[in-house]
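Notes to accompany the following structure.
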Amino acid sequence: MKLKYGSLAALALFASAAHAQSSVTLYGVLDSGLLYQSTNAASFAPNAKNLGHAWQLKDGGIYSSIWGLKGTEDIGGGYHINFKLQGSFTSNNGKPGLSDTPGATALFNQFATVGASGPFGTIDAGRQIVPMIYAMADTDVRNAQYFGSILTAWLGLNQAAGWPGTSTNAPIGALYDSNAIVYNSPKFYGASLALEYAPGGVAGQFQGGTRESAVLKYSNYGLNVAAVYYSGHDTNPFPATYPTTPAVPATGLNNNNLYYIGALYTISGFSVSGSFSSANSYNSSSHTSYNFEMASGGLGYQFNPSFKITSGYYYLKDRNHSQNHSSEFAVGAEYNLSKATKAYAQVGYVSNKGTMNQTIIYGAPVAPGVSTTAAMIGIRHTF
Amino acid sequence: MTKTRLAGVAIATLVAAASMTAWSQPQGAASVSAGAQAASAMAASGAAAPTGRQADRALRRKVYAAFGTDKSINAGDISVRAKNGAVTLTGTVTETSQISKVEEIAKGVPGVTSVTNKLSVKKSFGGM
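This is the structure in structure tokens:
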């Protein structure tokens, strides 16, 4: 009996070895630090009050804490089947990250994809971080990090467009999309293309809840250039009082358009970046139209492979109401203590005018029109 | 004020981009069409005195062109400096394994005598 199982096991082993070389990796990151912020608010509500300064243990000074599983199977002929399951969590209390429904978290809120790669490129289906935000990261010296970057600036536009910050279903572009099918082309002399289509799955409607985006990228000769178009139908359907007030039903309305163009140049340790973006949105629950622009500039210096300083300036403007605008400046130093551990220190200042409430760091809201300073030291460990 | 300055930076970047692609194309075209003549001229000058800023710039472009043929490397995040055949790489790659891969590609470019590798790894959104 024993022998039988043994030979079966041996057979299974051989079979898998002959067929495909598969691998599964468990991985993760813990990113935690001490944050001081001169003003704070309880939420992104338009009437949120300044509650004063605060010291806190803060998750995600560089990016969120995550854990995940990924795997790849070689099916021969240069083709692979890939999967990825990845969720974010808050390191200081262990809670899982946001999903696209307010009040509900998701175990794998960042990635739940299966797909294939080969000479044609890569295709992944499921919830995932969308190509748009990678393009922004590639053309921002601050690399779209969670503290003072193109990410917090772009989220500032979402907050100004009525996003309550309680779900990942944002009114202007997205960090994650559910139901997404993303195609990444192979590189052709540094140029590549990414296309996204997310069917909405709304019964009886072709366009209800869909997302479409395209990213054109160039990366060679020390230069990154990216152009982005993102369009969403029935985005941000949740009123601030959800679930007391129900979500706005999907009608197929295209209420979210974002255009972005950015460039980053690297030479001898220096990097310089700049971008411009234009976005519009319509909030179906408050019946308000929004029209914004965003501009950024960045400068960084890499002293050696383990130490760098990055800085960025981010400007937001409400085209419909000129009294609403926001400027943010952030500077950060990152030092790699080892291959797996990084220590960092960063400082930011935001000047908010009118109804703008651009934050310095993701997850620490400020009240509309209140200028704020924040400083953080932290550590980021990868396993 | 800041906006005009930003626009200035953006324009400068675009101009730099345009001039760079303009450079790289004629270089590629010349080596194909003008063929033997150009090659022998280059070989002659290369053998006699591979010095000067023009030779350094040409070598830098050749290293980038070699990176461009690789499907996995984003050479937009890599700075290449060349001086008399000595190449210095700074900037970032997306995978640890690419640090040595990039170095190997640079070493394989004719005219490169040594490579100083100062590359590090950068993963957007903690991507694994």
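Chains A and B supply the protein sequences, listed in that same order.
When we follow this note's numbering, the leftmost residue of the first sequence carries the number 887, and every step to the right adds one.
When we follow this note's numbering, the leftmost residue of the second sequence carries the number 5, and every step to the right adds one.
Just so you know, even glycine gets a beta-carbon here, dropped at the ideal spot from N, CA and C.
Item, Value
"Name the two residues that bound the continuous beta strand (DSSP E) containing K956(A).", "951-962"
"Identify which residue in E1098(A), A1112(A), F1092(A) has its Cα closest to the Cα of N1142(A).", "E1098(A)"
"Would you tell me roughly how many angstroms separate the C-alpha atoms of G957(A) and G946(A), rounded to the nearest one?", "25 Å"
"Going by the DSSP bridge assignment, what does S1161(A) pair with across the sheet?", "G1148(A), S1182(A)"
"Leaving out the 5 sequence neighbours to the left and right, which residues in its chain are closer than 8 Å to A48(B) when beta-carbon positions are compared?", "In this prediction, A48(B) scores a pLDDT of 43, lower than 50, which makes its location untrustworthy; the coordinate-derived value is nonetheless stated afterwards. So no residue of the chain qualifies."
"For E108(B), name the three-state secondary structure that DSSP assigns.", "helix"
"Note down, in chain order, each residue of its chain lying with its Cβ closer than 7 Å to the Cβ of V113(B), except the 5 sequence neighbours on either side.", "K66, V67, A70"
"In chain order, what are the residue ranges of uninterrupted alpha helix (DSSP H) at least 4 long that sit wholly in the stretch 65-129 of chain B?", "100-111"
"Could you work out which residues of chain B lie near S1192(A), taking near to mean beta carbons separated by less than 8 Å?", "S124"
"Quick one: what does DSSP say W1049(A) is sitting in, helix, strand or coil?", "coil"
"Alpha carbon to alpha carbon, what distance is there between H1207(A) and S1286(A)?", "Because chain A here runs from 887 to 1269, residue 1286(A) falls outside it and cannot be looked at."
"Quick one: is L993(A) near chain B, going by C-beta distance under 7 Å?", "no"
"For a test of the three-state rule: what should DSSP assign to T1038(A), helix, strand or coil?", "helix"
"Would K111(B) and V119(B) qualify as a contact pair, given that the criterion is a beta-carbon distance under 7 Å?", "yes"
"Measuring alpha carbon to alpha carbon, tell me which of D960(A), L1202(A), V1256(A), A1231(A) ends up nearest G1042(A).", "L1202(A)"
"What residues from chain B crowd round T1152(A), counting only those whose CB sits closer than 9 Å?", "G80, D81, I82, S83, T94, G95, T96"
"Leaving out five residues on either side along the sequence, give the residues of the same chain with a beta carbon under 6 Å from the beta carbon of N121(B).", "L93, E107"
"Can you find the residues in the same chain that come closer than 6 Å, C-beta to C-beta, to L63(B), ignoring five residues on each side of it along the sequence?", "A86, G115"
"Would you say L937(A) lies against chain B (beta-carbon separation less than 7 Å)?", "no"
"Give the interface partners of N1029(A) over in chain B, defined as CB-CB distance under 8 Å, in chain order.", "K126, S128"
"Can you tell me whether E1082(A) is buried or exposed, with buried defined as 16 or more other CB within 10 angstroms of its CB?", "buried"
"Kindly indicate which residue of A1250(A), F1215(A), V1088(A) has the alpha-carbon position closest to the one of S1237(A).", "F1215(A)"
"Less than 8 Å between the CB atoms is what I'm expecting for I1153(A) and G1108(A), so what's the real figure, rounded?", "6 Å"
"Please report the Cβ distance between G964(A) and G1004(A), rounded to the nearest whole angstrom; I am assuming they are in contact, meaning their Cβ atoms lie under 8 Å.", "5 Å"
"For a contact meaning CB atoms closer than 7 Å, what does G72(B) contact in chain A?", "Y1075, G1076, N1106"
"Hey, is N1190(A) close to the ligand PLP, as in C-beta under 6 Å from one of its heavy atoms?", "With respect to the ligand PLP, the structure shown offers nothing to examine, as it has no ligands at all."
"At 7 Å on the CB atoms, spell out the chain A contacts of K75(B), in chain order.", "P1072, K1073"
"Measuring straight from C-alpha to C-alpha, what distance separates I1247(A) and T1196(A)?", "15 Å"
"Please confirm whether V915(A) has its beta-carbon closer than 7 Å to some beta-carbon of chain B.", "yes"
"Looking at T1245(A) and V1252(A), is the spacing between their C-beta atoms short of 7 Å?", "yes"
"Using CA atoms only, rank isn't needed, just tell me which of L1079(A), V1114(A), T1227(A), Q923(A) is closest to S1192(A).", "T1227(A)"
"Going by the DSSP bridge assignment, what does L1079(A) pair with across the sheet?", "L1102(A)"
"R876(A) to G954(A), Cα distance in whole Å?", "The structure shown does not extend to residue 876(A), since chain A is modelled only from 887 through 1269, so no value can be given for it."
"Can you tell me whether Y1020(A) is helix, strand or coil according to DSSP?", "helix"
"Would you say I1246(A) lies against chain B (beta-carbon separation less than 7 Å)?", "no"
"Chain B partners of G1155(A), CB-CB under 9 Å?", "S83, T94, G95, K122"
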